[in-house]
Amino acid sequence: MEIFDLFGEDIITEHQNDKNKQLRSDKQQIKNELHRQKVVQKKKEKKKKIKQQKYEIIQTLETQEQKNDFVHSFKGLRNQRKENGMKSLQSPFRIIIDCGFEDNMSDKEQRSLARQLSELYTENRRTDVPLKLYVTNIYPILHKYLEQYHYKQWQLVSDEKLFTDIEEFQQANIVYLSPDGEEELQEIKEDEVYVIGGLVDRVIIKNATLNRSRQLGVRSAKLPIGQFIKKSYKKCLNVSTAALMISGWLKYKDWSKAFDSIVPQKFKEQELQQQ
Ligand SMILES: C[S@@+](CC[C@H](N)C(=O)[O-])C[C@H]1O[C@@H](n2cnc3c(N)ncnc32)[C@H](O)[C@@H]1O
Numbered sequence: 001m002e003i004f005d006l007f008g009e010d011i012i013t014e015h016q017n018d019k020n021k022q023l024r025s026d027k028q029q030i031k032n033e034l035h036r037q038k039v040v041q042k043k044k045e046k047k048k049k050i051k052q053q054k055y056e057i058i059q060t061l062e063t064q065e066q067k068n069d070f071v072h073s074f075k076g077l078r079n080q081r082k083e084n085g086m087k088s089l090q091s092p093f094r095i096i097i098d099c100g101f102e103d104n105m106s107d108k109e110q111r112s113l114a115r116q117l118s119e120l121y122t123e124n125r126r127t128d129v130p131l132k133l134y135v136t137n138i139y140p141i142l143h144k145y146l147e148q149y150h151y152k153q154w155q156l157v158s159d160e161k162l163f164t165d166i167e168e169f170q171q172a173n174i175v176y177l178s179p180d181g182e183e184e185l186q187e188i189k190e191d192e193v194y195v196i197g198g199l200v201d202r203v204i205i206k207n208a209t210l211n212r213s214r215q216l217g218v219r220s221a222k223l224p225i226g227q228f229i230k231k232s233y234k235k236c237l238n239v240s241t242a243a244l245m246i247s248g249w250l251k252y253k254d255w256s257k258a259f260d261s262i263v264p265q266k267f268k269e270q271e272l273q274q275q
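Numbered per full-length UniProt numbering, the sequence shown finishes at 275, counting up by one with no gaps.
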């Protein structure tokens, strides 16, 4: 008797589908593990390179006093970052990264979001005006990618809840930043909390955060950067750059200066070439 006769074609197809699904999931797991190992390896290499550079600089210094000064200044830089991290937790300027866009992102984009959050955390500790950062709506896959950067040790607030469910923000004056925002942001105020969409969209999803702000019943605003960028699709900054524009404005009280100091040179050069 044919096997089809015993189980029926549907059952066999279903079985094959399950097998394919399992195979895809195994493949994804191997890919993720390889990526994790690559990140760890890169970090090790970076550490080794810095150590080597430090050693080479020390070799060029003549006196013991110069060598001691150099070592101290290096330590000073590290301590200053730690201090800035502490300062950021007390900052009156609060920024929420709302990571509620899991369904809009591919696996690669979610990994990229974790990397951008790590960049933002590092840069925020280097800026003159560190912001108090909240990363909210962290979902399991993002948590896994963020763990590669040891995010639980970061000096910021992380939460799985949606920001509107967090008590601190229930009465707050919220402004959701969106490239499609209804108004243009003029200045940064202490009594307002700014939300950035934790969304990496290689192909721009129009109105993603505008719609979200409407659903959540909060104001939306765009950064006033249109005058510095000609191409409309380029008016969409990535997560970390958008957040750092806020500390840039707090430093210069001027959007043009903030843009010049924060937006990467590469981005501006591409813009010039395309004019
Ligand atoms: C890569 S963008 C995502 C763009 C997405 N299509 C959207 O609708 O928001 C990441 C986030 O940075 C912020 N952002 C980027 N460019 C902005 C701009 N010109 N004005 C206001 N916010 C901006 C927004 O919060 C945005 O969600």
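Here a beta-carbon is modelled for each residue, glycine too, at the ideal position from N, C-alpha and C.
Straight-line Cα distance separating residue j from residue i
i	j	result
Lys87	Leu117	18 angstroms
Gln153	Lys46	20 angstroms
Lys161	Glu102	14 angstroms
Arg202	Lys42	24 angstroms
Gln274	Lys206	Residue placement at Gln274 is poorly supported in this model, since its pLDDT is 48, which falls under 50; the coordinates still yield a value, given next. Each residue's alpha carbon lies about 22 angstroms from the other.
Asn124	Pro130	5 angstroms
Glu62	Ile262	38 angstroms
Pro264	Ser25	37 angstroms
Asn79	Gln227	39 angstroms
Thr13	Lys19	10 angstroms
Lys257	Gln16	59 angstroms
Val218	Gly100	15 angstroms
Lys54	Val71	9 angstroms
Lys251	Glu187	12 angstroms
Ala243	Ile196	7 angstroms
Tyr149	Lys189	31 angstroms
Met105	Arg126	29 angstroms
Gln110	Ile58	41 angstroms
Trp249	Glu168	24 angstroms
Tyr145	Lys31	13 angstroms
Among the options, nearest to residue i - alpha-carbon criterion
i	options	result
Asp191	Arg212, Arg111, Ile174, Lys206	Ile174
Arg94	Lys235, Ser158, Lys44	Ser158
Gln171	Phe163, Leu177, Leu156	Phe163
Ser215	Lys82, Tyr176, Leu131, Phe169	Correcting the residue identity first, residue 215 is Gln in this sequence and not Ser. The residue with the shortest Cα to Cα distance from Gln215 is Tyr176.
Glu183	Gly198, Leu223, His150	Leu223
Ser247	Cys236, Ser213, Phe259	Phe259
Asp107	Val200, Tyr252, Ala243, Leu156	Val200
Ser213	Asn238, Phe169, Gly181	Gly181
Ser112	Arg36, Thr127, Ile57, Ile50	Arg36
Leu89	Leu156, Leu146, Glu147, Ser240	Leu156
Thr209	Ile97, Ala114, Ile141, Ile138	Ile97
For residue i, the first and last residue of its enclosing beta strand (DSSP E)
i	result
Lys132	132-136
Arg219	219-222
Ile196	192-197
Asp159	Counting along the chain, Asp159 falls outside any beta strand (DSSP E), and DSSP gives it neither H nor E.
Arg214	Careful: Arg214 lies outside any beta strand (DSSP E), inside the alpha helix (DSSP H) at 208-216.
Asn173	173-177
Arg94	94-98
Proximity test, residue i beta-carbon vs ligand 1 heavy atom, cut-off 7 angstroms
i	result
Asp128	no
Cys99	no
Pro264	no
Val239	yes
Gly197	yes
Thr63	no
Thr209	yes
Ala258	no
Lys235	yes
Gly85	no
Val200	yes
Gly181	yes
Ala242	yes
Lys222	yes
Ile174	no
Ile205	yes
Ile225	yes
Ser178	yes
Endpoints, alpha helix (DSSP H) assigned at residue i
i	result
Tyr252	239-252
Leu146	140-147
Tyr121	107-126
Trp154	That residue, Trp154, is in no alpha helix (DSSP H); it is neither H nor E in DSSP.
Ser261	255-262
Cβ-heavy atom distance, residue i to ligand 2, below 7 angstroms
i	result
Ser91	Only ligand 1 can be found as ligands here, which leaves ligand 2 out of the picture.
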